[in-house]
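Q: The sequence shown finishes on residue 140 if you use the numbering used here, and the numbering steps up by one all the way, no holes.
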Amino acid sequence: MCQLLQRLNNNSLYVIISLLIFGKGLGFYLNRRFFFYPPQLAWMMNNVYLDCSMMIVGVVLLVYTCSRYNNNKILGVLLALVVVLLAIISSIEIEHVIFAHKIEFVQNALSNTAIIAFIIWTARHYSKR
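(1) Put Ala111 into one of helix, strand or coil per three-state DSSP.
(2) What does the Cβ neighbour count give for Met65, buried or exposed, with the cut at 16 atoms within 10 Å?
(3) Return the chain-ordered list of same chain residues with a C-beta closer than 8 Å to the C-beta of Gly87, the five sequence neighbours on each side being excluded.
(4) Check each candidate in Val71, Gln51 and Val117 and name the one with the smallest Cα separation from Tyr25.
(5) Can you tell me which of the three DSSP states Tyr25 falls into?
(6) Suppose you measure from the CA of Pro49 to the CA of Leu61; what does that come to, to the nearest Å?
(7) Assign Lys84 to one of two classes, buried (16 or more other C-beta atoms within 10 Å of its C-beta) or exposed (fewer than that).
(8) Do Lys128 and Ser101 have their C-beta atoms within less than 9 Å of each other?
(9) Can you give me the Cβ contacts of His107 inside the same chain, cut-off strictly under 6 Å, excluding the 5 residues immediately before and after it?
(10) Within 10 angstroms of its Cβ, does Arg18 collect 16 or more other Cβ (buried), or is it exposed?
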């Protein structure tokens, strides 16, 4: 138990990233009508597979962070998946701002972009300890 807490403390940035992507996936899963524009593609943007993949990547990253196994390639792949999923969500939100004139999505798109920059910075400057 002490070793687990030590690993979580040493890899706190990865824990934050994993909980963040899991929380975003859970939020989108619970709100099935978050994206609405264009109406013909709303079913695809509110797809349960995208939401579940965000939650699965978050859980896998958290489990990997808690494990004793240390491989920076696996960590890089997991962080790349998180960045890709957040980039998809961010691009959909920017599309809503531009074409549907929903200015409320600007804050979400900017925060997702800042999170992507944080993840890229974390991947560049930290390795699992």
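Each residue gets a CB set at the ideal place from its N, CA and C atoms; glycine is no exception.
A: Taking the structure as given:
(1) The residue given as residue 111 occupies position 100 in the sequence shown. If DSSP states are grouped into helix, strand and coil, Ala111 belongs with coil.
(2) Taking the sequence shown and counting its residues from 1, one reaches residue 65 at position 54. Met65 comes out buried.
(3) Position 76 of the sequence shown, counting from 1, holds the residue named residue 87. Ala134.
(4) Counting from 1 along the sequence shown, the entry for residue 25 is found at position 14. Ranking the options by Cα distance to Tyr25, first place goes to Val71.
(5) For the purposes of this step, residue 25 is identified with residue 14 of the sequence shown, where counting begins at 1. Note: Tyr25 maps to helix in three-state DSSP.
(6) Translated into positions along the sequence shown, residue 49 becomes position 38. Translated into positions along the sequence shown, residue 61 becomes position 50. Answer to the nearest angstrom: the Cα atoms are 18 Å apart.
(7) What you label residue 84 is simply residue 73 of the sequence shown in a count that begins at 1. The residue is exposed, with fewer than 16 neighbouring Cβ atoms inside 10 Å.
(8) On the sequence shown, residue 128 is found 117 positions in, with the first residue counted as 1. On the sequence shown, residue 101 is found 90 positions in, with the first residue counted as 1. Position check: residue 128 holds Ala in this sequence, whereas Lys was assumed. Going by C-beta atoms, Ala128 is not nearer than 9 Å to Ser101.
(9) Start at 1 with the first residue of the sequence shown, and residue 107 comes out as number 96. Same-chain partners within the cutoff: Tyr48, Lys113 and Phe116.
(10) Sequence index remark: in the sequence shown, residue 18 carries index 7 (1-based). Flag for Arg18 reads buried.
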